[in-house]
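Taking it in order: structure first as structure tokens, then the write-up.
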Amino acid sequence: MEIKFSEKTDKIIKNLALEAKNFGVKIYFVGGLVRDVIMGIEPLDIDILVAGNAINFISSLNFVDIKSIHKDFGTIKTQIEGLEIDFASTRKEIYPHSGCLPQVTELGCPIEDDLIRRDFTINAIALEILGDGNYRLIDRFSGCSDIKNKTLKVLHKNSYIDDPTRILRGLDFKLRFNFNFSDIDKDLINEYLKNPSREGLSVDRVVLTLNKLFSSNLRAKEAFGEFVDKKYYRILFDYKDLSCEKIFDAIEKFKIEDYSKVLIKYILDELFDVPELKTRLEIYKHFRHYSDDEICVYYAKSADKRALLYFSKLKGIKLEIKGSDLLNLGYKQGREIGVMLDKVLEAKLAENSSITTYQDELNFVRENPIL
Ligand code: ATP
113 MEIKFSEKTD KIIKNLALEA KNFGVKIYFV GGLVRDVIMG IEPLDIDILV AGNAINFISS
173 LNFVDIKSIH KDFGTIKTQI EGLEIDFAST RKEIYPHSGC LPQVTELGCP IEDDLIRRDF
233 TINAIALEIL GDGNYRLIDR FSGCSDIKNK TLKVLHKNSY IDDPTRILRG LDFKLRFNFN
293 FSDIDKDLIN EYLKNPSREG LSVDRVVLTL NKLFSSNLRA KEAFGEFVDK KYYRILFDYK
353 DLSCEKIFDA IEKFKIEDYS KVLIKYILDE LFDVPELKTR LEIYKHFRHY SDDEICVYYA
413 KSADKRALLY FSKLKGIKLE IKGSDLLNLG YKQGREIGVM LDKVLEAKLA ENSSITTYQD
473 ELNFVRENPI L
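Under the numbering used here, the residues of the sequence shown are numbered 113 to 483, in order.
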């Protein structure tokens with residue numbers, strides 16, 4: 113297998129392979145990088161797996177700039193001649209509860225044991241970096257053939273139970289690469305969703321995975337549609353009233369740029385209460401405490417037109433005058449200043465208001481005294 117890196121990257125990798133040999137460890141490419149190379153996609157990030165203790169190995173090299181170390185997972189972020197490379201130690205993991213964060217039971221295990229903990233066969237292919245520009249393929253789970261057949265398969269039948277975020281990761285790969293879950297995987301997912309166990313579930317991990325799933329605005333609608341239709345929300349809740357149509361209608365109306373944040377809010381957030389608001393001023397004063405994302409989600413859930421009125425007509429309106437201007441006009445410090453400022457604001461918020469400038473506001477104060 114050949115991997116086309118730039119000349120500089122190639123040199124760094126060959127050097128690392130030589131150092132690894134001297135240190136007595138084997139190093140590998142694994143996961144997304146290998147999958148992408150096989151699919152003809154240029155790899156973006158360089159991650160190297162060390163069959164041994166990556167931290168000890170990297171710490172022994174004087175040409176590496178260490179950025180951060182995560183001891184429990186045996187991972188280390190580095191920069192070598194300006195190139196960012198993440199190193200990880202091979203590890204074995206167990207899941208004490210369904211969906212919780214895995215516990216590392218061994219660091220520096222043989223590569224085969226590390227591959228078993230991975231999500232899909234397509235991500236469980238390793239390439240041993242031999243250092244002469246050649247790589248030894250390790251494909252115990254027939255990941256290469258699954259890439260060819262565009263099929264997503266987990267490595268064992270408890271995989272989705274151990275970590276239901278794999279369902280969402282799978283959906284992401286499905287949409288990104290136009291792959292399909294194998295029939296067995298479809299059954300395993302349905303089985304899991306019928307009776308999901310949420311005790312110990314890492315909601316943070318689910319949210320991180322959702323964030324990745326929805327990160328491309330181009331695919332977000334399809335991803336969210338499938339998340340709802342296939343009831344993947346059951347990873348988190350027994351039932352959730354979600355509508356792809358309503359949230360994307362709101363996303364469009366509220367001109368949302370980062371779909372992912374809004375979609376996650378829509379999935380997780382409870383609806384906030386909106387009391388009776390009679391006037392434009394009351395609507396303005398209520399909604400200004402919320403972000404566009406929150407109001408968008410509120411609108412998708414409630415279809416409350418006041419939210420839209422606030423966003424499209426009222427939100428951009430601000431008073432130019434301040435309390436000090438009213439003091440200059442003879443108002444005394446205290447409640448009346450607040451009342452007058454509200455009066456001006458109310459007039460400015462009115463439909464077809466002619467008050468736009470600082471001068472208009474001052475004139476309004478002069479013409480409508482409350483002294
Ligand atoms: P990309 O970055 O292109 O989305 P990737 O596969 O590199 O794809 P990462 O999230 O960086 O995605 O994961 C790196 C590797 O770690 C995966 O290829 C997979 O082998 C493993 N992995 C990640 N998440 C899980 C998981 N939840 N369960 C098991 N293995 C996982």
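Cβ atoms here follow ideal geometry from the backbone N, Cα and C, with glycine treated the same way.
Item	Value
G337: beta carbon under 6 Å from a heavy atom of the ligand ATP?	no
Could you give the residue range of the alpha helix (DSSP H) that holds T391?	Run containing T391: none; DSSP gives neither H nor E here.
Closer than 6 Å to a non-hydrogen atom of the ligand ATP - does that hold for the CB of R230?	yes
CB of G186 to nearest heavy atom of the ligand ATP: below 6 Å?	no
For K123, which of G243, H209 and D148 has the nearest alpha-carbon?	G243
Would M113 be called buried (16 or more neighbouring beta carbons within 10 Å of its own) or exposed?	exposed
I'd like the list of long-range same chain contacts for I228, defined as Cβ closer than 7 Å, with 5 residues on each side in sequence excluded.	L267
List the residues that DSSP assigns as beta-bridge partners of F141.	L239
I'd like to know whether the C-beta atoms of G211 and P276 end up nearer to each other than 7 Å.	yes
Could you say if the stretch 343–355 and the stretch 391–411 meet the contact criterion of at least three C-beta pairs nearer than 8 Å?	no
Could you tell me the boundaries of the alpha helix (DSSP H) in which L280 lies?	T277 to F289
Give the straight-line distance between the Cα atoms of G164 and Y272, rounded to the nearest whole angstrom.	28 Å
Using the Cβ count rule (16 or more neighbours within 10 Å means buried), how would you classify N235?	buried
Where does E196 fall in DSSP's three states?	strand
Give me, in chain order, the residues of the same chain whose beta-carbon lies closer than 7 Å to that of C408; leave out the 5 immediate sequence neighbours on both sides.	A362, I363, F366, I368 and V374
Could you tell me if the beta carbon of D316 falls within a distance shorter than 6 Å of some heavy atom in the ligand ATP?	no
Whose C-beta lies closer than 7 Å to the C-beta of L426 among residues of the same chain, with five residues either side of it excluded?	R392, I395, Y396 and L461
In terms of residue numbering, what span does the alpha helix (DSSP H) encompassing V216 cover?	Element bounds for V216: not the alpha helix (DSSP H) but the beta strand (DSSP E), Q215 to L219.
Could you spell out where the beta strand (DSSP E) holding A362 opens and where it closes?	Not the beta strand (DSSP E): A362 falls in the alpha helix (DSSP H), residues C356 to K365.
Just to check, is the beta-carbon of T277 closer than 6 Å to a non-hydrogen atom of the ligand ATP?	yes
Contact check, C221 vs R248 under 8 Å by CB: the rounded distance?	Not a contact, Cβ separation roughly 18 Å.
Can you tell me whether R252 is helix, strand or coil according to DSSP?	coil
For K179, which residues of its own chain have a beta-carbon under 7 Å away from its beta-carbon, when the five flanking residues on both sides are left out?	K189, T190 and Q191
For D177, which of helix, strand or coil comes out of DSSP?	strand
Using only the heavy atoms of the ligand ATP, determine whether one of them is closer than 6 Å to the beta carbon of G152.	no
Which same chain residues, not among the five before or five after E240, have their C-beta less than 7 Å away from its C-beta?	K138, Y140, Y247, R248 and I250
Should Y470 be labelled buried (16 or more other beta-carbon atoms within 10 Å of its own) or exposed?	exposed
Please report the straight-line C-alpha distance between V386 and F399, rounded to a whole angstrom.	9 Å
Let me know the secondary structure DSSP gives L300 once reduced to three states.	helix
Among the candidates I429, S327, Y345 and E406, whose CA atom is the shortest distance from the CA of E458?	I429
Specify the secondary structure class of A163 as computed by DSSP and reduced to three states.	strand
Please classify G312: is it buried, with 16 or more other beta-carbons within 10 angstroms of its beta-carbon, or exposed?	exposed
List the endpoints of the continuous beta strand (DSSP E) containing K123.	Here K123 belongs to no beta strand (DSSP E); instead the alpha helix (DSSP H) covers E119 to F135.
With a CB to CB cut of under 7 Å and the five nearest residues on each side skipped, what residues in its chain are close to I181?	I167 and I188
Under the rule that 16 or more other beta-carbon atoms within 10 Å means buried, what is L322, buried or exposed?	buried
What whole-angstrom Cβ distance do I237 and V146 have, given they're in contact under 8 Å?	5 Å
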